[in-house]
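Residue numbers (the working numbering): -4 to 156.
Structure follows, in structure tokens:
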């Protein structure tokens, strides 16, 4: 029963639709169930990547944080003033993947921050051992969604300027 429910989760994630049934079945052995409450943080910007998260139920808000120093005329004599700003990039919910930047292998640290926005969220973690050893032929398929997310971060940053 657990095996079938994990396979169903994978089939419902768009990034995995092109994988064979056999690959999906192998992937289930690397999956771990996670349950989190509202306002919980799964990982922060700068944390080392550790796998992919598939949202079974619930919602995550993805934000990008950055610091910006004020121009010379706004500095105090003692120290420069820095502004910390947070930009909401997108919201991910049921049947979406969180952490695709890890899979495509371009980044070893998280590039964004997340927070659970619903009362209760249920998800599955696919540990990094699977990706290190197997999915090389499917990285292009999985990379498409990560590129879309990266574009959203860039658009949000440009809008703010």
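Note that the Cβ used here is the ideal one computed from N, Cα and C, for glycine as well.
From residue 56 to residue 1, what does the alpha carbon distance come to, in whole angstroms? The alpha-carbon separation between residue 56 and residue 1 amounts to approximately 24 Å.
When DSSP builds the beta bridges, which residues end up paired with residue 83? 58
Helix, strand or coil for residue 18 per DSSP? helix
Looking at the secondary structure, which residues open and close the beta strand (DSSP E) in which residue 44 lies? Taken as a continuous stretch (DSSP letters only), residue 44 belongs to no beta strand (DSSP E), as it is neither H nor E.
Contact between the segment 105 to 114 and the segment 18 to 30: three or more CB pairs below 8 Å? no
Determine the closest residue to residue 109 out of 27, 14, 82, with distance taken between C-alpha atoms. Measuring from the Cα of residue 109, the nearest candidate turns out to be 82.
Please name the residue or residues paired with residue 115 in a DSSP beta bridge. 32
Please report how far the alpha carbon of residue 17 lies from the alpha carbon of residue 85, in whole angstroms. Taking the straight line joining both Cα atoms gives about 32 Å.
How about residue 59 and residue 107: do their beta carbons lie closer than 7 Å? yes
Please classify residue 41: is it buried, with 16 or more other beta-carbons within 10 angstroms of its beta-carbon, or exposed? A residue is called buried once 16 or more other Cβ atoms fall within 10 Å of its Cβ, and residue 41, having fewer, is exposed.
Candidates -3, 43, 53, of which the one nearest residue 92 by Cα: 53
Report the rounded CA-to-CA distance for residue 9 versus residue 80, giving the unit in angstroms. 31 Å
Please classify residue 48 as buried or exposed, where buried requires at least 16 other C-beta atoms within 10 Å of its C-beta. buried
Close-in-space but distant-in-sequence residues of the same chain around residue 104 (CB under 7 Å, 5 per side omitted): 41, 42, 43, 44
Backbone CA spacing between residue 25 and residue 38 [nearest angstrom]: 19 Å
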